[in-house]
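Each number in our numbering corresponds to the 1-based position in the sequence shown with 928 added.
Every residue gets a Cβ at the ideal spot worked out from N, C-alpha and C, and that includes glycine.
The structure presented is a predicted model; accordingly, all values stated were derived computationally and were not measured.
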Amino acid sequence: MSATARLLHVVLLAAADHEEPAEQVPALVGLPDGEAMGPFLQELAEAGLVDVGEHCGRQPATIV
929 MSATARLLHV
939 VLLAAADHEE
949 PAEQVPALVG
959 LPDGEAMGPF
969 LQELAEAGLV
979 DVGEHCGRQP
989 ATIV
């Protein structure tokens, strides 16, 4: 797993605990925007660390 994916996982965990706005996550990981997180979220999903999809009938979300 890439270093960026591991960092993203830690930031997502911290954001979930502290209710950080989702818009801040890419900058905290050093990525330009949320779209750039896609490949790293995929890495985390393949490792079973996150679930990316609809949650309770809402728009797709990342569940850590």
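Taking C-beta separations shorter than 7 Å and ignoring five residues to either side along the sequence, the partners of L959 in its chain run M965, following chain order. Here V938 is exposed, its C-beta having fewer than 16 other C-beta atoms within 10 Å. For V953, no pairing in a beta bridge is given by DSSP. For G966, the enclosing alpha helix (DSSP H) stretches over residues 966–974.
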